[in-house]
Amino acid sequence: MDLKDKMILSIIQEDSTHSVKEISEKIGLTFTPTYERIKQLEKQGIIEKYVGLLNREKLGLNIVVYCNVRLKEQSKKVLETFEKNIMQHDEVQEIISLSGEYDYMLKIIAKDINSYNEFAVNIISNIPNIGQYHSSIVLHEVKKSTKFKIDLA
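In the numbering used here, the protein residues as written are 304 to 456.
Below is the structure:
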């Protein structure tokens with residue numbers, strides 16, 4: 304990956320709606336090599352997909368919760384069962400396997416505190432082998448980014 308590829312990635316991360324023509328002008332290449340570079344970055348899996356970032360609050364999703372989960376046991380089957388169960392729920396935006404005190408951290412988005420409580424009581428607590436879960440409600444998002452630092456040197 305050279306400087307031009309890194310520049311393309313930086314531009315796409317900032318705003319993926321730029322046309323190939325606009326990207327080519329910004330990086331100082333013509334359309335065809337820029338297009339070919341983008342296709343190669345996609346083929347390599349460096350660019351996984353293009354998405355629109357939505358404003359959750361304008362959609363009435365006012366609560367972000369980080370829920371730490373400890374399972375009763377950590378066998379491969381138990382871990383896979385938990386992951387399979389929790390992945391089915393759209394409220395869960397991220398599932399992160401952890402080392403340390405908890406086994407998983409879940410990022411959960413809900414309409415309000417009552418909706419989250421319903422989810423926790425009816426879904427999380429009913430998944431087999433849940434030992435304990437601890438919820439932290441986000442009060443204010445100080446920094447929120449989907450952008451990776453790309454060294455353009």
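Just so it is clear, CB atoms sit at the ideal spot from N, CA and C, and this is done for glycine as well.
Apply the 10 Å Cβ neighbour rule to GLU458 and answer buried if 16 or more other Cβ atoms are within range, or exposed otherwise. Limits of the chain in this structure are 304 at one end and 456 at the other, which puts residue 458 out of reach.
In the DSSP assignment, find the unbroken beta strand (DSSP E) run with LYS410 in it and report its ends. By 1-based counting over the sequence shown, the position of residue 410 is 107. 407 to 413 is the span of the beta strand (DSSP E), which, as asked, contains LYS410.
Considering just the uninterrupted stretch of the beta strand (DSSP E) at ILE330, what are its terminal residues? The residue labelled residue 330 in the question sits at position 27 within the sequence shown. Taken as a continuous stretch (DSSP letters only), ILE330 belongs to no beta strand (DSSP E), being part of the alpha helix (DSSP H) at 323 to 330.
At least 3 beta-carbon pairs within less than 8 Å: the region 377 to 389 vs the region 411 to 424: The region 377 to 389 makes no contact with the region 411 to 424; the number of CB pairs closer than 8 Å stays below 3.
Beta-carbon proximity check, VAL466 vs ALA413, cutoff 8 Å: As shown, the chain starts at 304 and ends at 456. That puts residue 466 outside it, with no answer to give.
Go ahead and pull the three-state DSSP assignment for VAL441. For this step, residue 441 is matched to residue 138 along the sequence shown. If DSSP states are grouped into helix, strand and coil, VAL441 belongs with coil.
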